[in-house]
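Q:
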Amino acid sequence: MPEAESDSREALSRVLRIVIQRRWWIALVACGSVAATNGVLSVLPSHYNSEATLLVVQQQIPERYVTPTTSTGLADALPAMTQAVLSRTRLQAIIDEFHLYQKERKRLAPEEVIDLMRHNIDILLVNEQPERRDFNAFKISFTADRPSLAQTITSRLTSLFIEANLKTREDQARNTTTFLAAQLADVERQLSEQERRLRDFKMEHLGELPEQEAGNLAILSGMQAQLQNTTANLSRAQQQQVYFESLLRSYRDLARKGITSPGVDGLKSNPLRTAQGDLAKLEVELDALTQRYTAQHPEVVRVEREIARKKKQIEALKSTEVPAETDSAEAASISSGDQEDTAMAQLKSQIQANRLEIESLAKDEKRLKSSVAEYQARLNSTPIREQQLSEVLRDYDLLKKHYADLLGKQQQSQLAANLEKEQEGQQFQLLDPANLPVAPSGPKRMKMSFGGAVVGLCLGLLLAFLVDARTASFHTENEIRTQFGIAFVLGVPMLLTRAELRRRSWRRSFEWAAGCLLVLLVGASELYVHRLGG
9 MPEAESDSRE
19 ALSRVLRIVI
29 QRRWWIALVA
39 CGSVAATNGV
49 LSVLPSHYNS
59 EATLLVVQQQ
69 IPERYVTPTT
79 STGLADALPA
89 MTQAVLSRTR
99 LQAIIDEFHL
109 YQKERKRLAP
119 EEVIDLMRHN
129 IDILLVNEQP
139 ERRDFNAFKI
149 SFTADRPSLA
159 QTITSRLTSL
169 FIEANLKTRE
179 DQARNTTTFL
189 AAQLADVERQ
199 LSEQERRLRD
209 FKMEHLGELP
219 EQEAGNLAIL
229 SGMQAQLQNT
239 TANLSRAQQQ
249 QVYFESLLRS
259 YRDLARKGIT
269 SPGVDGLKSN
279 PLRTAQGDLA
289 KLEVELDALT
299 QRYTAQHPEV
309 VRVEREIARK
319 KKQIEALKST
329 EVPAETDSAE
339 AASISSGDQE
349 DTAMAQLKSQ
359 IQANRLEIES
369 LAKDEKRLKS
379 SVAEYQARLN
389 STPIREQQLS
399 EVLRDYDLLK
409 KHYADLLGKQ
419 QQSQLAANLE
429 KEQEGQQFQL
439 LDPANLPVAP
449 SGPKRMKMSF
459 GGAVVGLCLG
469 LLLAFLVDAR
479 TASFHTENEI
489 RTQFGIAFVL
499 GVPMLLTRAE
509 LRRRSWRRSF
519 EWAAGCLLVL
529 LVGASELYVH
539 RLGG
């Protein structure tokens with residue numbers, strides 16, 4: 009440990025000796041470096057930086073009334089907007105308008121001059137809430153060689169950003185509205201086509217649709233009732249036709265047997281003959297009915313009852329009848345032939361009328377059966393049509409819902425576009441206008457000057473150590489012992505004359521004067537650099 013401390017003290021003594029002995033080397037190099045640095049700094053042009061702050065103002069109308077067409081934050085939208093504002097065309101227009109970089113334009117290409125201007129533009133986002141990614145303000149600054157020029161260019165850049173934001177948002181709203189209008193027109197065309205398809209389907213299957221099922225059931229029930237009535241009437245007419253035909257055959261049989269059939273007038277003049285004729289008609293009718301129905305049928309029972317009543321009536325007339333005169337009988341015999349012909353003509357007319365009625369009822373029955381079959385087929389097809397209609401309606405309802413959704417979005421987009429046109433949406437507001445810089449922002453002359461002094465001092469020390477290392481002289485006893493390996497060294501002190509003492513004294517005075525002069529020069533240069541600013 010004592011040896012280490014001794015070596016440290018020896019090394020420190022050697023450094024101090026070199027510094028003292030080579031002080032002028034160190035001072036001259038350091039002062040020269042400071043002077044050169046300050047000289048260069050004195051000719052460097054000053055740069056002035058002007059700064060403006062833009063605040064992001066949200067839209068004035070609440071979003072629950074008008075939804076904006078874009079929800080992009082400032083942190084995402086600003087890079088694209090910066091690319092638009094700092095495009096080559098716009099920057100070249102600013103350079104030409106304000107005659108910027110006249111010296112640089114003589115030796116640099118236009119693209120390099122534009123890159124130089126971009127380098128002098130700085131955009132800084134201001135985040136008042138560090139926990140959130142979004143920003144609500146940003147700063148724009150520009151560096152120029154004149155304060156007024158820096159302020160002017162910064163003001164122009166802020167106006168370009170404001171205009172770019174308004175144009176970007178207006179274009180977004182307009183493009184969104186145009187896109188939605190095109191989509192709406194396409195969906196409207198599809199909806200019209202689907203409506204036509206639905207209309208054609210309903211017209212093609214008219215009467216088979218689900219909503220017509222209740223009406224078809226009611227109509228079918230009514231037609232079935234009409235068919236039953238028509239069938240019953242047709243059966244009755246057919247029975248009556250059989251009866252009339254049987255009655256006509258009976259009249260003809262009676263005529264062949266010589267029994268006259270009472271006419272209308274004859275029946276009134278001779279009650280007995282009228283009763284006998286009615287009895288004959290009833291017997292013929294009973295024969296026709298018994299051929300078709302049983303004995304318990306109401307019509308058979310009714311006719312049998314009428315026959316029994318007629319027989320009693322004939323017995324009563326026979327017991328009370330007075331024989332007529334021969335002339336009356338002959339007259340009745342003469343007129344009975346004409347009456348017989350009239351009765352048969354009436355019966356034939358009834359038969360013809362009944363035949364026409366049967367034909368009409370048969371046609372009605374056929375028509376009603378066809379209609380019943382048609383409506384029955386409609387009811388059978390209703391479940392199939394209901395399934396087919398549900399498929400058509402499903403597509404129609406989806407398109408209708410999509411159309412309503414697009415229509416609402418298009419209206420909202422149109423409101424947002426109108427809002428942007430009125431400049432009531434999100435926009436940039438100039439919070440702090442571009443300032444007129446007083447002090448230059450660069451170059452940093454004081455720091456550079458201090459750096460030059462430090463570099464000069466280091467170079468002076470390095471030069472002093474190199475010169476001392478190249479000098480073959482000994483300054484301490486240890487150096488002699490180390491060099492020659494001698495254990496004991498005896499030194500004789502230097503004895504100076506008075507002249508030598510005076511010269512040494514003058515030299516020290518000169519050194520002090522020179523040192524003071526160097527300090528004054530360095531101080532003056534530093535003061536000059538300080539007055540230049542930066």
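Quick note on the numbering used here: the sequence shown kicks off at 9 and runs consecutively. C-beta: ideal position from N, C-alpha, C; glycine also. The model shown is predicted, which means the values in this text are computed figures rather than measured ones.
Can you grab the Cα-Cα spacing for the pair A424 / P448, in whole Å?
A: When rounded, the distance between both Cα atoms is 45 Å.
Q: Using the C-alpha atoms, what's the distance from Q232 back to M352?
A: Going from the Cα of M352 to the Cα of Q232 covers about 39 Å.
Q: Indicate whether S398 and A181 have their beta-carbon atoms separated by less than 9 Å.
A: Taking 9 Å as the Cβ cut-off, S398 and A181 do not qualify as a contacting pair.
Q: Using the C-alpha atoms, what's the distance from Q321 back to Q7?
A: This structure cannot speak to residue 7, because the chain is shown only from 9 to 542.
Q: Determine the direct distance from the alpha carbon of E314 to that of R244, and round the result to whole angstroms.
A: Going from the Cα of R244 to the Cα of E314 covers about 20 Å.
Q: Grouping DSSP H, G and I as helix and E and B as strand, with all else coil, what is V64?
A: Of the three classes helix, strand and coil, the one that applies to V64 here is strand, per DSSP.
Q: Quick check on the burial criterion: 16 or more other C-beta atoms within 10 angstroms. Buried or exposed for I161?
A: That one is buried.
Q: Determine, using beta-carbon pairs with one atom in the stretch 291-302 and one in the stretch 244-255, whether at least three such pairs fall under 8 Å.
A: In short, these stretches touch, since the Cβ pair count reaches three.
Q: Looking at the strands, I want to know which residues DSSP matches up with S58.
A: DSSP lists F150 as partners of S58.
Q: Taking only runs of the alpha helix (DSSP H) that begin and end inside the stretch 286-329, which ones reach a length of at least 4 residues, in chain order?
A: Runs found: 306-328.
Q: Near Q437, what residues of its chain come up, given a Cβ to Cβ distance below 6 Å and the 5 sequence neighbours on each side ignored?
A: Only L63, V65 meet the Cβ criterion.
Q: Say whether the stretch 47-63 touches the stretch 151-166, bearing in mind that this needs 3 or more beta-carbon pairs closer than 8 Å, one atom from each stretch.
A: Touching, yes.
Q: Per DSSP, which one or two residues make a beta bridge with I129?
A: Answer is F150, bridged to I129.
Q: Consult DSSP for G450 and reduce its assignment to one of helix, strand or coil.
A: It is a strand residue.
Q: Go ahead and pull the three-state DSSP assignment for A442.
A: A442 falls in the coil class under three-state DSSP.
Q: Taking the alpha-carbon positions, what's the R386 to D208 distance?
A: Approximately 18 Å between the Cα atoms of the pair.
Q: Just the Cα atoms here: how many angstroms apart are I366 and Q284?
A: The straight-line gap from Cα to Cα measures roughly 31 Å.
Q: Hey, could you find the ends of the alpha helix (DSSP H) R197 is sitting in?
A: Taken as a continuous stretch (DSSP letters only), the alpha helix (DSSP H) holding R197 covers 155-212.
Q: Tell me A145's beta-bridge partners as DSSP assigns them.
A: Answer is L63, V134, bridged to A145.
Q: Is the stretch 33-46 touching the stretch 518-538, taking contact as three or more C-beta pairs under 8 Å?
A: Because the criterion of three Cβ pairs below 8 Å is met, the stretch 33-46 and the stretch 518-538 touch.
Q: Determine the closest residue to E196 out of Y259, T45, I26, K408, with distance taken between C-alpha atoms.
A: Comparing Cα-Cα distances from E196 to each of Y259, T45, I26, K408, the minimum goes to K408.
Q: Look up Q5 in the DSSP assignment and give the residues it is bridged to.
A: Examination of residue 5 is not possible in this model, given that the chain is present from 9 through 542 alone.
Q: Is the beta carbon of L157 sitting closer than 9 Å to the one on S457?
A: Not a contact, by the Cβ cut-off of 9 Å.
Q: Since I believe L133 is in contact with F146 (beta carbons under 8 Å), could you give me their beta-carbon distance rounded to a whole number of angstroms?
A: 5 Å between Cβ atoms; contact.
Q: Can you say whether L518 is buried or exposed, counting buried as having 16 or more other CB atoms within 10 angstroms of its CB?
A: Sequence inspection shows Phe at residue 518; the Leu mentioned does not correspond to that position. Result: exposed.
Q: Between the C-alpha atoms of L228 and Q384, what's the straight-line distance to the nearest angstrom?
A: Between L228 and Q384, the C-alpha separation is close to 7 Å.
Q: Rounding to the nearest angstrom, what Cα-Cα distance links P331 and L287 in this structure?
A: Low confidence applies here, because P331 scores a pLDDT of 48, under 50, leaving its location unreliable and the question unanswered by this model.
Q: Would you kindly work out how many angstroms separate the C-alpha atoms of R205 and V400, rounded to a whole number?
A: The alpha-carbon atoms of R205 and V400 are separated by roughly 8 Å.
Q: Quick one: is P391 buried, meaning 16 or more other Cβ sit within 10 Å of its Cβ, or exposed?
A: It counts as exposed.
Q: When you compare the CB positions of A35 and G468, do they come within less than 9 Å of one another, or not?
A: Yes, Cβ-Cβ distance for A35 and G468 is below 9 Å.
Q: Where E171 and A190 are concerned, what is the direct C-alpha to C-alpha distance, given to the nearest angstrom?
A: Whole-angstrom Cα-Cα distance: 28 Å.
Q: Report, in whole angstroms, the separation of the C-beta atoms of S149 and D130, which I expect to be a contact under 8 Å.
A: So it is a contact: roughly 5 Å between Cβ atoms.
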